[in-house]
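One structure below.
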Amino acid sequence: MKKIFILITTLATLLLSSCQKPQFIETTADRQGLTSLTAIFTFGPYVDQELAKLIIDDDSIDRFVIPIPYYYPITSDNQTIGYMSSVRVQAELQPNYKLSPALTILDLELENEFTYTDPHGNSRKIIITGERVKSSECDVLSFTLNNPKVSGVVDKANRTIILPTKDDVSKSSATVAVSAHAEIFPDPSRARDYTKPVKFTVTAHDGTTAEYTVMTGDPEKIDMGINVDSIEKLFNFDPVSRLGMPDYTAEVAVSLASIEGKLVICLGNGETPVWIDGLTGDKGGAIKLGDAVPGSITNDEAGNMLITNVAQGGDNREAVKLYRTSSVNTVPELLYMFENPIDVPIGHKMKVFGNIDTKALVTYTAEGIAGVTSTAKVVYLMVETGEVKDIRTVDLSGVTAGWGPAPVNTATVVPASLDPVQDGWYYDYYEGNVGANDLYLLHHLNGNGKDDVIAEIGNWANNPNCLDSKSFNNSRYMTLFVVSHFPQWGIAPMLYVYDITDPSSPVLGFSNEQISWYQKGAAGIASGDVVLAPSTDGYKLYVYYYDHNAQVVGGYVGDCIKR
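Per our numbering, the very first residue in the sequence shown carries number 3; after that it's consecutive.
In structure tokens, the structure reads:
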């Protein structure tokens, strides 16, 4: 898949750099030498993963205490006391600062003594130890009335929860999720009158408190799009050790969907998809599947999940069976069945723009056949009021040489709006014939057939073939997730979210080009997915990603509340 000369060039560079004599780098007298200490598991299910990190603002002190979380993962009941006696500690040191003896595996229940020396030879004794600390988080993560069913809009910054309803809430109970190991008082499961403001106190594991006020009303929105100040990370962790997902060597075609506050993960190999909590990442269970065969999944903008099989094309063409559901606990219903209209497979890359109960496009990016042919085709269904009205095929061979088979070498093509004839398509994929220094391109094919380069994303070590597009708060968004081909070489997954309200001039609203990842041993199957999911109340937009090769699943959320 990768060019041989690229590997030779890279290895030669590494060999030459390893033969060079280390140089002394001058250091200013005011520079801080020790900037962080990281504790890493040495055994157990999370071996080689970060347990805790101490960011050091002042290295003039003599005792450094690494704050070890009381539980790991923080949402679990797994206490960390058993790991304290054997932790690998790594120091982030500026050039020419030294710790003696060298840091290795420490017992963080003890006071470990080291000599800390600056570039000028000045030395002093320091202590490195650890202390288990309880969480200070005391947030309300979600608040939902049970009768009537109303999802509250949580504003953590202002400690308010607004119930956007005019129904009778004079005697309603609520289901509430709070920070891990926190408690809420009074008990929200007991019925109370929400026609007037109700106050709740959330107490963190360490005793820190926060008071939230719940009231009815209509949260004021900004005019368009996301309030960028509201964007926050939900979670980012290893799905193999935490969830029991297949590791990077398994040939799977991952796809994602988000419904009813849950993130659903499909492996594309016929196994039943599983779900996790969309706020915390906590492990859930398997979805109800019925007769659906899960080649891939996705969600629309109104809380519906679609499930499709993979169907062969050409002389061996098969029927595509598209199912829908709005709950992981409800057996999916057949939405539509049709014969694959093209000469190559479809089904591993399916996306939805819009609401299938009003108007939507369901897009299937075609897949090349290994050793036989590439492709540049897209099949899309036009859906209105829950029914498929038309099936169309788009051929992009006039602007691209095409792409290969799923899951690694295929593309993702998504519409810029509900009218792709007018507004066009976005597409990206791994272009295997580029050189070592060439950048990969995010494309917009406009309504006139002109192929515009939107951005230069990554290089030969990245696989930028995961996209999704959705509408949110009078704007349209497109997200690109870049899978790492070589996590063992320090190549990180990358995430980009664009405002595509003007399709020809996307605006980058958010990005993370150094997502933390957990598999750093070797190259495997560089597949993954990304999905956008507007909340059904219209106030929040979630983005979730999965890199199978680098072994990481994560998510962010932003809202449109005016502050």
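Every residue gets a Cβ at the ideal spot worked out from N, C-alpha and C, and that includes glycine.
- Secondary structure of G560 (DSSP, three-state): strand.
- With contacts defined by Cβ atoms closer than 8 Å, D425 and L444 do not form a contacting pair.
- Residue environment: R565 is assigned as exposed (fewer than 16 neighbouring CB atoms within 10 Å of its CB, all protein chains considered).
- Out of D169, I130 and Y548, the CA that lies nearest to the CA of D64 is found in I130.
- By the Cβ-count criterion, D79 is exposed, with fewer than 16 other Cβ atoms from all chains shown falling within 10 Å of its own Cβ.
- Across the set Y520, N229, N306 and C468, the C-alpha of N306 shows the shortest separation from the C-alpha of K264.
- DSSP places P422 inside the alpha helix (DSSP H), whose first and last residues are P422 to D425.
- With fewer than 16 other Cβ atoms inside 10 Å of its own Cβ, W491 counts as exposed.
- Assignment of W462 by DSSP, reduced to helix, strand and coil, places it in the coil class.
- F512 has its alpha-carbon roughly 41 Å from the corresponding atom of K173.
- Three or more Cβ pairs drawn from the stretch 400-420 and the stretch 364-380 lie within less than 8 Å of each other, which places the two stretches in contact.
- According to the DSSP assignment, R126 belongs to the beta strand (DSSP E) that extends over S125 to V135.
- The three-state reading of DSSP puts V364 in strand, counting E and B together.
- R194 carries a strand assignment under DSSP once its states are collapsed to helix, strand and coil.
- For L143, there is no enclosing alpha helix (DSSP H); the residue is part of the beta strand (DSSP E) that begins and ends at V142 to N148.
- In this structure, L269 lies near P248, with their beta-carbon atoms less than 8 Å apart.
- Across the set D157, A193, E273 and Y547, the C-alpha of D157 shows the shortest separation from the C-alpha of K223.
- Between W277 and V330, the gap from beta carbon to beta carbon is short of 8 Å.
- Exclusion of the five residues before and after E52 leaves T40 and I42 as the residues of its chain whose Cβ lies within less than 7 Å of its Cβ.
- Within the stretch 339-403, the complete beta strand (DSSP E) segments of 3 residues or longer fall at 352-357, 361-367, 379-386 and 389-397, listed in chain order.
- Here DSSP, grouped into helix, strand and coil, assigns S243 to helix.
- From the listed residues M339, V67, K100 and V555, the smallest Cα separation to E113 is found for V67.
- In the three-state DSSP reduction, N450 falls in the coil class, being neither helix nor strand.
- Residue state for Q81 is assigned as strand, using DSSP reduced to three classes.
- Remark: C-beta atoms of G123 and Y85 do not approach each other more closely than 8 Å.
- CA-CA distance, A179 to T162, rounds to 15 Å.
- The C-alpha of P422 lies about 10 Å from the C-alpha of Y382.
- The beta carbons of N448 and P489 sit about 35 Å from each other, so the pair does not count as a contact at 8 Å.
- Sequence-distant Cβ neighbours of T503 in its own chain, meaning closer than 6 Å and more than five residues away, are S477 and R478.
- Secondary structure remark: continuous beta strand (DSSP E) runs of at least 3 residues inside the stretch 243-317, in chain order: 257-261, 264-268, 276-279, 285-288, 298-301 and 307-310.
- A check of alpha carbon separations from L469 across V142, S88, K351 and T310 identifies K351 as the nearest.
- Ranking R126, Q81 and I76 by CA distance to the CA of K100 puts R126 first.
- The Cβ-Cβ distance between S506 and D454 falls below 8 Å.
- Three or more Cβ pairs closer than 8 Å define a contact, and the stretch 328-342 meets that threshold against the stretch 286-293.
- Here P536 carries a strand assignment [DSSP, helix/strand/coil].
- Among the bridge pairs identified by DSSP, W405 is matched with T377.
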